[in-house]
Amino acid sequence: MASIAVSSHLHALQSKHAGLEARLREEMARPVPDTAMIQSLKKQKLRLKEEIAAS
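Quick note: the sequence shown uses the numbering used here, first residue 528, plus one each step.
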């Protein structure tokens, strides 16, 4: 039962990571990207990646 919860949590983290990746690509594709937003998205993505690796 616990493995289902861990798997579900891991899937949620991976979904959030993919969402951040999509937002990052969108921001970088803009004519004048918001560098502060890009930096924030990259930091969030890194934190999620570290949490995924720790799971």
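Even glycine gets a Cβ: it sits at the ideal position worked out from N, Cα and C. Everything numeric in this text was worked out from a predicted model, so none of it was measured.
Among the options, nearest to residue i - alpha-carbon criterion
i, options, result
"Glu553", "Leu575, Lys569, Lys576", "Lys569"
"Ile565", "Leu551, Lys572, Ala539, Gln541", "Leu551"
"Glu577", "Ile531, Ser535, Leu540, Ser530", "Leu540"
Exposed unless 16 or more other CB atoms sit within 10 angstroms - verdict on residue i
i, result
"Ala547", "Per the sequence presented here, residue 547 reads as Leu, with Ala not at that position. It counts as buried."
"Leu575", "buried"
First through last residue of the alpha helix (DSSP H) which encompasses residue i
i, result
"Ser567", "562-581"
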